[in-house]
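J.: Under our numbering, the residue at position 221 of the sequence shown is numbered 224, and the numbers go up by one with no gaps. Pasting in a structure now, in structure tokens, and then I'll have a few things to ask.
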Amino acid sequence: MATTHLGFGRLVRADLRHNPGSFVGVAVSVLVATALITGLGVLVESGMRGGLAPERYTNADVIVGGSQAVDVPEDLPVPLVERASLPDDAADAIAALPGVEAVVADVTVTLASDAGPIEAHPWSASALSGFEISSGNAPSGRDEVVVTASSTAALGDVLTLSHGGDRAEYRVVGIADAATEPVRIGHVFLSEARIAQLDSGNGDAQILGVFAADGTTPQALADAITERFPEVTAQTGAGRGDVEFLDSGAARASLVSIGSAFAGTCLLVAMFIVSGTLSLSVQSRRRDFALLRAVGASSAQVHRLVAREVLTVSAIAAAIGIVPGYFLATVLQGAFVQAGVIPGDFALAASPIPAAVAALLVLGAAWGAARIAASRPAKIDPIEALRESATGPTSLSLGRLITGIVFAAAGLSISTVPLVVRGQSAAGAAAGASIILIIALALLGPVLVSFTVRFIGAVLRKTSAAGFLASANGTVNARRLASAITPIALGISLGLVQLGAPAMIASEANAQTQAGVISQLRVSAPGGLSDEGIQLIEEQSGVVAVNPVTVSQAVLDHHELGKEEITRTALVLQGIDTDAAESTMDLQVKEGSLDALAGAGEVALSTDARQTLGLDVGDTLVGRFGDGVPFESEVVAIYGRGLGFGDITMSGEVVRQHTTSALSGFALVNAGDDVENVRTALTDAGFVVGGGSGAQAAGADVRSQQGWVNAVALIVILGYIAIAVVNTLMMATGERSREFALLQLIGASRRQVRGMMRTEAVMLALIAMVFGVAIAIPPLIGMSMGISGRPIPTLPLLQSLIVIGSMCALALAALAVATRSAMRGRPVEEIGSRQ
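Written as structure tokens, this is what we have:
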């Protein structure tokens with residue numbers, strides 16, 4: 004056989020040299036996919052190895068804090084949003100360890116000044132950051148404060164600082180200086196006694212700074228501490244920032260989870276795009292494969308040839324795409340910082356590992372796509388192969404049809420899950436159905452496109468010659484048209500689903516909050532409301548009821564469907580005053596009563612949480628507060644407005660004890676007929692007062708961050724799909740240059756050919772729009788049913804129109820450019836350019 008004597012290397016090089024246009028699309032798809040997954044891999048690695056550099060604890064060798072995460076079997080740990088406490092005897096026990104020179108305790112109390120929030124620490128903790136008095140003296144009295152050198156205050160000045168809405172005046176008795184001052188937030192130092200009065204923990208150590216004795220390394224000391232207290236975390240070097248900043252752990256978890264999920268979606272999209280472009284590449288060379296089969300090439304040899312060609316091109320493209328991937332990581336970092344997902348000073352970790360993993364994944368996807376694309380030309384009969392080289396394949400295989408129908412049925416079935424199982428988890432399952440429906444479209448595309456074109460063709464044939472030709476081309480080349488339609492429909496479908504999910508959740512959460520808050524006023528203070536601040540509100544003339552609300556987090560144990568292992572889920576935890584709840588909020592209680600929320604032993608669940616946890620009234624809920632302290636509570640009530648008020652509700656006094664600040668977030672206030680006077684009085688007292696209807700839904704900040712993440716993911720994915728659309732259309736149109744030349748030689752003008760292609764472009768855009776919207780409708784209806792109980796989904800109209808319009812406009816523009824490019828040569832020369 005000819006292929007036996009001709010080396011595959013020479014044959015591959017000859018194919019690459021004589022058919023460069025067939026491989027450019029594959030190369031571009033692989034290059035962009037590699038850059039995307041490399042950039043996302045950098046984010047995942049940064050979540051594991053990156054972090055925040057310490058600011059306040061630069062002098063101590065080891066920083067010790069409570070463990071800020073809850074382990075989950077066979078999954079990532081769940082970060083705690085509140086400061087975890089240290090064991091009571093930790094300071095004395097650590098001080099007694101060999102190699103310890105000194106242990107310094109630190110406590111942080113957040114105050115509010117005219118310039119914004121400020122952190123107060125006991126003067127003894129100044130040793131952890133190297134502050135020394137440059138003028139004046141250390142604080143000793145209740146009303147004395149030491150400011151840092153960067154402050155504008157001078158000795159003798161009087162500062163008004165408030166804690167939880169309770170104002171107090173402090174006299175500046177000293178100014179402290181350090182080699183490097185913290186830059187995140189301003190700092191002041193108070194006496195130990197005053198910190199103990201302000202701190203809910205009576206000044207007990209929140210963080211320990213440990214100084215190593217001569218001859219003891221910080222890491223050895225950290226290991227000894229964690230061996231003595233396995234429940235704490237001891238960090239050295241740059242890791243000290245993880246203990247100092249609570250948002251470090253959350254940022255790590257966010258980067259790992261977002262990067263992993265985002266990379267998985269991108270890899271799936273990349274497989275679609277690479278498969279589509281590779282299918283076009285193989286189709287454009289079907290005459291070459293037909294000749295190979297006719298002269299005796301075996302199926303295995305055709306498979307091997309295609310795989311070698313694709314891997315050669317993909318390896319070069321992947322190598323080029325690695326460097327842009329690291330630049331993309333910094334762009335994504337900036338976007339996530341703007342969204343508030345990670346702090347601006349979170350450092351990325353860069354190593355060759357993300358690039359290697361990305362290259363392996365993309366090359367594996369390309370190899371799999373090559374095997375699929377080569378299956379038809381490798382197996383077809385040689386005579387049939389020569390016939391198809393002129394006309395293209397006429398039908399889909401039975402296996403592909405059956406597989407496509409199965410995927411379509413599965414996607415539609417999963418979209419209906421919220422009809423049986425309600426809640427956000429069911430809505431998430433419905434969102435996953437869109438991917439399955441897209442796979443079904445990719446498999447059944449040629450059949451669906453052929454049927455649609457035949458239906459539209461009845462109208463097009465009567466309009467003009469261009470319409471007749473466009474209809475005929477679409478019918479005969481349905482497979483080629485489908486390969487161009489699929490990425491556009493993919494972009495539209497993904498865009499609508501990504502936009503719809505957060506919009507529906509935010510809309511329903513806002514609706515529940517507006518309907519559930521029945522108080523007249525919402526009162527808050529910078530940093531939160533202390534018990535003294537709440538008392539000041541209650542003492543105002545005209546105030547009828549005050550309901551301090553505390554929003555935190557709970558990590559709950561439960562069993563997922565079909566699994567024996569315990570998993571843990573973080574849900575929004577709300578603390579309320581049950582005595583004032585009835586007159587200030589309506590949670591839409593369905594079973595039980597909120598009056599039974601007396602302490603840590605009782606809890607109310609939203610209907611969504613009941614669905615997730617599988618619990619009912621009378622059952623026991625096991626979990627941990629936001630600071631990691633475990634609890635077991637009896638479910639005493641079920642309520643319906645979980646999106647607006649959190650999935651878990653407990654006594655506010657209990658919840659506050661397990662928050663970092665021990666402050667309430669805000670208070671819902673009723674003032675009877677004296678609303679305006681009460682509003683004025685509270686405003687004059689320094690509180691922030693708004694209408695009760697302006698209350699923010701519990702967990703709204705987290706949902707806003709998730710919305711930003713979805714938006715960033717959507718922009719990146721649609722950008723990749725846009726490149727793929729242009730890529731695919733350029734390839735599909737470029738191989739039609741001889742067709743355009745033939746049309747001109749038999750009498751068609753260039754204008755008429757371009758008119759035919761404009762008609763095809765409009766037809767392609769309309770079909771892609773219809774398919775994309777059709778694929779998105781079942782998941783969107785399912786999500787809407789799961790979230791709000793209504794079949795009509797809430798979508799951001801303008802953004803949805805932008806997604807649909809931009810994808811369709813891109814197709815029209817790409818086809819116009821590709822058509823002009825394919826018609827640059829003279830028709831006679833083009834006809835004779837290929838055999």
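Just so you know, even glycine gets a beta-carbon here, dropped at the ideal spot from N, CA and C.
For His306, report the span of its alpha helix (DSSP H) as first-last.
T.: Unbroken alpha helix (DSSP H) run through His306: 302–342.
J.: How close, in whole Å, do the beta carbons of Ile770 and Val452 come, if the pair is a contact with beta carbons under 8 Å?
T.: 7 Å
J.: Report back the beta-carbon spacing between Leu55 and Ser260 to the nearest angstrom; my notes put them in contact at under 8 Å.
T.: Taking 8 Å as the upper bound for CB-CB distance, Leu55 and Ser260 are not in contact here, some 18 Å apart.
J.: Relative to the alpha-carbon of Ser278, which residue among Ala303, Ser263, Val313 has its alpha-carbon at the smallest distance?
T.: Val313
J.: Within 10 angstroms of its Cβ, does Ile97 collect 16 or more other Cβ (buried), or is it exposed?
T.: Flag for Ile97 reads buried.
J.: Can you tell me the Cβ-Cβ gap for Ile540 and Ala670, rounded? I've got them flagged as a contact below 8 Å.
T.: About 6 Å separates the two Cβ atoms, so the contact holds.
J.: Could you pull the DSSP bridge partners for Ala612 from this structure?
T.: For Ala612, which the question treats as bridged, DSSP gives no partner whatsoever.
J.: Quick check on DSSP: helix, strand or coil for Thr113?
T.: strand
J.: For Arg829, collect the residues of the same chain with a Cβ closer than 7 Å to its Cβ; drop the 5 residues on either side in sequence, then sort them by chain order.
T.: none
J.: Which partner residues does Ser527 have in the DSSP bridge list?
T.: Val691
J.: Can you tell me which of Ala512, Gly435, Val67 puts its alpha carbon nearest to the alpha carbon of Ala94?
T.: Val67
J.: Report back the beta-carbon spacing between Val309 and Ala376 to the nearest angstrom; my notes put them in contact at under 8 Å.
T.: 7 Å
J.: Do you know offhand how far Asp580's Cα is from Arg659's?
T.: 11 Å
J.: In terms of residue numbering, what span does the beta strand (DSSP E) encompassing Ile178 cover?
T.: 169–180
J.: Under a three-way DSSP split, which group does Tyr60 fall into?
T.: coil
J.: Leaving out five residues before and five after Glu195 in sequence, what residues of the same chain have Cβ atoms less than 8 Å from its Cβ?
T.: Around Glu195: Pro125, Trp126, Ser127, Gly206.
J.: Where do the N-terminal and C-terminal ends of the alpha helix (DSSP H) with Asp245 fall, by residue?
T.: Bounds of the alpha helix (DSSP H) holding Asp245 are 243–247.
J.: Closer than 7 Å by C-beta to Pro445: which residues in its own chain qualify, once you throw out the five before and the five after it? Chain order, please.
T.: The displayed chain sequence assigns Ala, not Pro, to residue 445. Phe275, Thr489, listed in sequence order.
J.: Straight-line CA distance for Val558 to Val575?
T.: 9 Å
J.: Cβ atoms of His166 and Leu201: under 7 Å apart, would you say?
T.: The Cβ atoms of Leu201 and His166 lie closer than 7 Å to each other.
J.: Report the three-state DSSP secondary structure of Thr397 (helix, strand or coil).
T.: In this prediction, Thr397 has a pLDDT of 49, which is less than 50 and means its spatial position is unreliable; what the coordinates show is noted afterwards. In this structure, Thr397 counts as coil in the three-state DSSP scheme.
J.: Does DSSP put Thr6 in a helix, a strand or coil?
T.: Residue confidence is low: Thr6 scores 43 on pLDDT, short of 50, so the model does not pin down where it sits. Its coordinate-derived value is still stated next. Correct three-state label for Thr6: helix.
J.: Could you check the C-alpha separation between Ala821 and Arg457 for me, to the nearest Å?
T.: 25 Å
J.: Within the continuous alpha helix (DSSP H) that includes Asp582, where are the two ends?
T.: 581–587
J.: Could you check if Thr280 is buried or exposed, using at least 16 other CB atoms within 10 Å of its CB as the buried criterion?
T.: buried
J.: Using a Cβ distance threshold of 8 Å, determine whether the segment 483–498 contacts the segment 526–537, with at least three qualifying pairs required.
T.: no
J.: Can you tell me whether Ser555 is helix, strand or coil according to DSSP?
T.: strand
J.: Out of Ser400, Ile438, Gly402, state which residue places its alpha-carbon closest to the alpha-carbon of Ile3.
T.: No information on residue 3 is available, as it lies outside the stretch 4 to 838 that the chain covers here.
J.: Could you give the distance in angstroms between the alpha-carbon of Ser791 and the alpha-carbon of Val423?
T.: 14 Å
J.: What did DSSP end up calling Ala152 once you bin it into helix, strand or coil?
T.: Of the three classes helix, strand and coil, the one that applies to Ala152 here is coil, per DSSP.
J.: Would you mind working out which of Leu818, Thr731, Ser154 sits nearest Val756, comparing C-alpha positions?
T.: Leu818
J.: Going by DSSP, what residue range makes up the beta strand (DSSP E) through Gly545?
T.: From DSSP, Gly545 is part of no beta strand (DSSP E); its letter is neither H nor E.
J.: When the Cα atoms are used, what is the spatial distance from Ser392 to Val285?
T.: In this prediction, Ser392 has a pLDDT of 48, which is less than 50 and means its spatial position is unreliable; nothing more can be read from the coordinates.
J.: Let me know if Thr394 comes out buried or exposed under the rule of 16 or more other beta-carbons within 10 Å of its beta-carbon.
T.: In this prediction, Thr394 has a pLDDT of 49, which is less than 50 and means its spatial position is unreliable; what the coordinates show is noted afterwards. With fewer than 16 other Cβ atoms within 10 Å, it is exposed.
J.: Mapping DSSP to helix, strand and coil, what is Ala819?
T.: helix
J.: If distances are taken between C-alpha atoms only, which option among Ala573, Ile323, Asp650, Arg571 comes closest to Val592?
T.: Comparing alpha-carbon positions, the option among Ala573, Ile323, Asp650, Arg571 lying closest to Val592 turns out to be Asp650.
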